[in-house]
Amino acid sequence: MQIAQVIVDIPTRQTNNPYSYLIPDYLVDQVVPGMRVEVPFGNRKITGFVVAIVNNSDFAGKLKPISSLIDFSPVINEELLQLSSWMADETYSFKISCLQTMLPGGMRIKNKKRLIANDDSVVNQHPEIFDGNHEIDYNRQKLTDKSIAQIIRLQKEGKIQVEYNLTHHAKPIMMKAYQGQLDQGQADSQLAVVRKNAKGQLKLLSILSAHPHETFLRNQLITQGVTESAIKTGEKNGWLKQTLKRHIRNPFLRSVAHTNPLTLQPDQKQAVTRINQAISGKQDQVFLLEGVTGSGKTEVYLQSIAHALETGRTALMLVPEITLTPQIVGRIRSRFGNQVAMLHSALSNGERYDEWQRINSGQAQVVVGVRSAVFAPLRNIGLIIIDEEHDSSYKQTDNPRYQTRDVAKWRAAYNHCPVVLGSATPSLESRARAMKGVYKLLTLPHRINRHALPHVSIIDMKTEMAKHRSILSNQLSNAIQDRLDKHEQIILLLNRRGYSAFLMCRDCGYVPKCPNCDISLTMHKNTHSLNCHYCGHKEPIPTVCPKCHSKRIRFFGVGSEQLEEQVKQLFPTARVLRMDVDTTRKKGSHEAIIDKFGAHKADILLGTQMIAKGLDFPEVTLVGVLNADSALQFPDFRSSERTFQLLTQVSGRSGRADKQGEVVIQTFNPDHYAIQLAQTQDYERFYATEMRVRHDGKYPPYYFTVKLTGNSPSENQTASEMFDILTYLKSHLSAQAIILGPTPKAVTRINNRYYYQIIIKYRKEPNLKPALDEILMQSQKKQRHGLQIAIDNEPLDFM
DNA sequence: AGCACGCCGACT
DNA sequence: GTCGGCGTGCTC
1 MQIAQVIVDI PTRQTNNPYS YLIPDYLVDQ VVPGMRVEVP FGNRKITGFV VAIVNNSDFA
61 GKLKPISSLI DFSPVINEEL LQLSSWMADE TYSFKISCLQ TMLPGGMRIK NKKRLIANDD
121 SVVNQHPEIF DGNHEIDYNR QKLTDKSIAQ IIRLQKEGKI QVEYNLTHHA KPIMMKAYQG
181 QLDQGQADSQ LAVVRKNAKG QLKLLSILSA HPHETFLRNQ LITQGVTESA IKTGEKNGWL
241 KQTLKRHIRN PFLRSVAHTN PLTLQPDQKQ AVTRINQAIS GKQDQVFLLE GVTGSGKTEV
301 YLQSIAHALE TGRTALMLVP EITLTPQIVG RIRSRFGNQV AMLHSALSNG ERYDEWQRIN
361 SGQAQVVVGV RSAVFAPLRN IGLIIIDEEH DSSYKQTDNP RYQTRDVAKW RAAYNHCPVV
421 LGSATPSLES RARAMKGVYK LLTLPHRINR HALPHVSIID MKTEMAKHRS ILSNQLSNAI
481 QDRLDKHEQI ILLLNRRGYS AFLMCRDCGY VPKCPNCDIS LTMHKNTHSL NCHYCGHKEP
541 IPTVCPKCHS KRIRFFGVGS EQLEEQVKQL FPTARVLRMD VDTTRKKGSH EAIIDKFGAH
601 KADILLGTQM IAKGLDFPEV TLVGVLNADS ALQFPDFRSS ERTFQLLTQV SGRSGRADKQ
661 GEVVIQTFNP DHYAIQLAQT QDYERFYATE MRVRHDGKYP PYYFTVKLTG NSPSENQTAS
721 EMFDILTYLK SHLSAQAIIL GPTPKAVTRI NNRYYYQIII KYRKEPNLKP ALDEILMQSQ
781 KKQRHGLQIA IDNEPLDFM
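Under UniProt numbering, the first residue of the first sequence is numbered 1, with each subsequent residue one higher.
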């Protein structure tokens, strides 16, 4: 007797223990781990993942049988199944949510699906399933048990496709196609006899020669220069046979010319050699590739990926959320062509599903994608790359709160392959590990072609503001006018976080800070006070600056729309493009803006952080940062690191080609070390300085941290429950553990729910894990009373 | 989510 | 006595 162990999806009471279900006779030997099933649960039906097939169950009661199969082949492979268990444990979440995050968005919908025959022969051989149609809605009732077994077999053999009911534009597209009927020799001999002025036919034959017996979509041929009449002739001569081919939606908007590996500089060569040795030696070594902007990290990635492929393995490359622009993808694709699959948030469900399918079936061996692509169903991975490893988008902010770097390391250990963490400004965590020898440090200290770093000047906005009230300093305005005259391009960066509520004196730059924590206080509009997130300190909002007694102490923050208006007013002839969340909401608009700017159809590109990352415009010779310190004022231990990284990154945007670049940084804190050291691009000194701050403040990487957040509709309830948790923690942890809070969050009320948090900082607490597991279990019961608890292991911030 | 079970107050 | 309120626990 076969019994399936199923992780069920129960909305409330979640559990990591599987439930046992009988496998009905017709599904014996067909159900395998990794498939989703529908099962009876109480008096209704729910879905779940089969995680194991066993012979007997230790459940004492009477087992129920599986109701139906959702997948005919596993959607989660053995590796990812194991990963989900580790992840649930690591992130204090439930297996079911881990498994669901591993699937591409569109597939999480369960009910309906369609079966699509890949060719006519399947339709003809199985009238009992297809009834003469190419595509049918899957309907359990209409099919016999035997047919279902057939369907599973047909999918295994790749003769049919299963399409889940995704959004409307996710339908598979069948297009007119032609199958080549010639082998290479035949095509070549035809090529020799065809008239030399029959361009279309020549092109067609050369394609057939290069790809014998392949099937091509009609417009694939047309776009490559094969004429209509040439196709007709080809059909007539028996070179081609008309057929239908499933069109795989192509998320690459344009085709890319093939490029060859570039010659490496000595330090690049050294890095590639070390990485390739680890690939060949099947070592799960982590490398930290530290290279200044323009030092050629990408080429190191590309040649290492090539090596992984040469050894018959696959490669995974992760990039930050916003960076996944055509520029980067284009470079990967120009080297590896159709072996590349791309997974990012701008894809439609249908596109994402197609890419996922290409990876799962082994058609794509290189995956480029954002955070969630770390779960790409690649097999036999030979290399994992995380570009801009310090980027905050690698940590998921809601359940399961995983850190992509850690998942990558797990997969590397499983696949016996190296991980490369690349950055110009590594996170302190990673760099500290490299210093301890846990990671191997590889450095690329030189810019390719020895381009000089841009000249960076810092403008003190305190004195500027005293002169005039413009967002732009005189020096920046003059520099902009100069570039406009020279017909060169300009990028203006506005920190979106400047919107946030903090106080600052416009005359002396004073920002109220907590007396206990050395961190800026946050405006709490609802309580009319300044609060500290770390210790709960509160004080009234001052009406005059406590330092210089000026009355001009107020909120700080400018939006990108206002900036656009001002810039247009000051420079009426300039062509201005704005890029922020508002202008890039529509699919493809991000690319459209980049293309337009790249083609020099605009003079000024202004926007938020998203313009800082990974973009490479050779015509840009001036970068202006309008409010460099707005991130700095955030009441968070990582704000200096973020500021330094951002400024270093944007500075790299200026003057990458043969023109000298200039960067103007406007700030109210010209003396802050993050800004000073960004001016000289001195990562080493920043690292040393910041490490001391982290050490003194008992922050990561010196301490481990956990953030517990509770919320409920009642402020009293939230607070009292959080105090209960505090009591519980105190009784289970050692005296060395630092427990901060509970304190109300900066935005205490969201959607009429009140948020409180507790921060735990520790070095060694063997009892912490079981204590948090217990809190997680208890939180299920408390949910009934409206209280939600979130546990964030190693949070990115304390806010 | 839904249903059973069981422990309390109000009532034919 | 018992009907039914709802808080609690369970569903393979």
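Even for Gly, the Cβ is constructed at its ideal location relative to N, Cα and C.
- Counting along the chain, the unbroken alpha helix (DSSP H) around residue 223 starts and ends at 218-223.
- If one requires a minimum length of 3 residues, the beta strand (DSSP E) runs lying completely within the stretch 368-439 are 381-387 and 419-423, in chain order.
- Residue ranges of uninterrupted beta strand (DSSP E) with 3 or more members, entirely inside the stretch 73-119 and ordered along the chain, are 113-117.
- Going by DSSP, residue 273 is part of the alpha helix (DSSP H) stretching over 266-280.
- Residue range 589-598 is occupied by the alpha helix (DSSP H) that includes residue 598.
- Going by beta carbons, residue 740 and residue 767 fall outside the 9 angstroms limit.
- Per DSSP, the beta bridge partners of residue 743 are 757.
- With 16 or more other Cβ atoms inside 10 Å of its own Cβ, residue 700 counts as buried.
- The secondary-structure analysis by DSSP pairs residue 604 across a beta bridge with 490 and 576.
- Beta bridge pairing from DSSP links residue 708 with 758 and 791.
- Judged by pairs of C-beta atoms under 8 angstroms, the stretch 120-133 touches the stretch 142-154, as three or more such pairs exist.
- Around residue 382, the same chain offers 279, 308, 311, 313, 314, 315 and 417 as residues with beta carbons nearer than 7 angstroms, after the five sequence neighbours per side are excluded.
- One thing to note: residue 161 has its Cβ within 9 angstroms of the Cβ of residue 357.
- DSSP, reduced to helix, strand and coil, places residue 569 within a helical segment of the structure shown.
- DSSP, reduced to helix, strand and coil, places residue 330 within a helical segment of the structure shown.
- Under the 8 angstroms Cβ criterion, the stretch 612-624 counts as touching the stretch 467-487, having at least three qualifying pairs.
- Boundaries cannot be given for residue 714, as no beta strand (DSSP E) includes it and DSSP labels it neither H nor E.
- In the three-state reduction of the DSSP assignment, residue 182 falls in the coil class, being assigned neither a helical nor a strand state.
- It is roughly 6 angstroms from the alpha-carbon of residue 704 to the alpha-carbon of residue 763.
- The count of Cβ pairs closer than 8 angstroms, one atom from the stretch 462-474 and one from the stretch 584-603, stays below three, leaving the stretches out of contact.
- Pairing residue 675 with residue 647 gives a Cβ-Cβ distance under 9 angstroms.
- In this structure, the straight-line span from the alpha carbon of residue 221 to that of residue 302 is close to 29 angstroms.
- In this structure residue 662 is buried. Its beta-carbon is surrounded by 16 or more other beta-carbon atoms within 10 angstroms.
- Note on the stretch 294-327: whole alpha helix (DSSP H) runs with a minimum of 4 residues are 297-310, in chain order.
- In this structure residue 464 is buried. Its beta-carbon is surrounded by 16 or more other beta-carbon atoms within 10 angstroms.
- For residue 48, the uninterrupted beta strand (DSSP E) run begins and ends at 44-54, by DSSP.
- In the displayed model, residue 157 falls within coil according to three-state DSSP, outside both helix and strand.
- When Cβ pairs closer than 8 angstroms are counted between the two stretches, the stretch 420-429 is seen to touch the stretch 677-690, the count reaching three or more.
- Considered as a whole, the stretch 445-481 harbours 455-460 as its complete beta strand (DSSP E) runs of no fewer than 3 residues, in chain order.
- Per DSSP, the unbroken beta strand (DSSP E) holding residue 137 starts and ends at 135-137.
- Taking a contact to require three or more Cβ pairs closer than 8 angstroms, the stretch 282-293 and the stretch 432-443 qualify as touching.
- Considering only 626, 652, 672 and 645, the residue with the shortest C-alpha distance to residue 664 is 626.
- Inter-residue distance for residue 759 and residue 706 is about 6 angstroms (C-alpha atoms, whole angstroms).
- Taken atom to atom, the span from the alpha-carbon of residue 24 to that of residue 415 is near 35 angstroms.
- For residue 540, the enclosing beta strand (DSSP E) covers residues 538-540.
- The DSSP assignment places complete beta strand (DSSP E) segments of no fewer than 3 residues inside the stretch 614-660 at 620-625, in order along the chain.
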